[in-house]
Amino acid sequence: MSFFVHHVSKRYEIWVPEKIDKVFSFFSNARNLERITPDFLEFKVLNEGEIEMKEGLLIDYKLKLHGIPFRWQSEITKWEPKSAFEDCQRRGPYVYWDHMHLFEEKDGGTLVIDSIKFAVPGGSLIYKMFVEKDVEKIFQFRTEKLQNFFG
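Last residue of the sequence shown: 153 (the numbering used here), numbering continuous.
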């Protein structure tokens with residue numbers, strides 16, 4: 003049945019003129035994800051209270067994709083302060099979604115690297131029609147927000 007699943011790998015990079023401590027701290031606050039996600043997704047973190055980032059943490063979200071409401075749950079599967087963390091979809095719209103966040107000191111600032119691997123149900127046609135442009139828009143928006151926030 004893998005014929006009806008489209009696998010994708012993407013990598014995005016942005017350099018920001020800020021120390022790695024401050025940049026990693028920003029990303030360590032799960033609620034900041036709402037600030038760097040486009041409005042068209044109506045994205046909301048559902049966990050109540052303080053969210054302490056650590057390996058094994060489950061984070062619940064709600065969002066809309068093309069007007070269809072979804073629940074999404076991610077697990078933090080890797081946590082290396084000031085260096086990297088990884089979140090993996092445990093429940094959501096994709097067959098799988100693995101997102102590695104890497105942080106490197108570079109040229110007096112921080113290089114933020116997003117490496118994502120995911121699989122779209124329905125195959126390459128669904129990916130081309132509904133997912134590809136959305137993923138690009140999401141990471142373009144994220145880049146602009148990070149440039150504004152840290153610029």
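Using N, Cα and C, we set each Cβ at its ideal position, and we do this for glycine too. Remember, it's a predicted structure, so these values are computed and weren't measured experimentally.
Non-local beta-carbon contacts of S30 in its own chain, meaning distances under 6 Å to residues more than five positions away in sequence, involve M55 in chain order. Sequence-distant partners of M102 (beyond 5 residues in either direction) whose C-beta falls short of 6 Å from its own C-beta, in its chain, are E88, S117. If you ignore the 5 residues before and after Y98, its C-beta comes within less than 8 Å of the C-beta of C90, Q91, K119, F120, A121, all in its own chain and listed in chain order.
Closest in C-alpha terms to F45, from the list D23, K64, F6, comes K64. The shortest C-alpha to C-alpha distance from E52 to any of D41, R33, D100, E134 is the one to R33.
Each residue's CA atom was taken as its position, placing D23 and E146 some 20 Å apart. Membership of D116 in the beta strand (DSSP E) is indicated by the continuous run 111 to 123. Put simply, the backbone Cα of H68 is about 27 Å away from that of N150. For L148, the uninterrupted alpha helix (DSSP H) run begins and ends at 134 to 152, by DSSP. In this structure, Y96 sits away from H8, with a CB-CB distance that is not shorter than 8 Å. Spatial neighbours of W81 in its own chain (CB-CB distance under 6 Å, excluding positions within 5 residues in sequence) are listed in chain order as K56, E57, F87.
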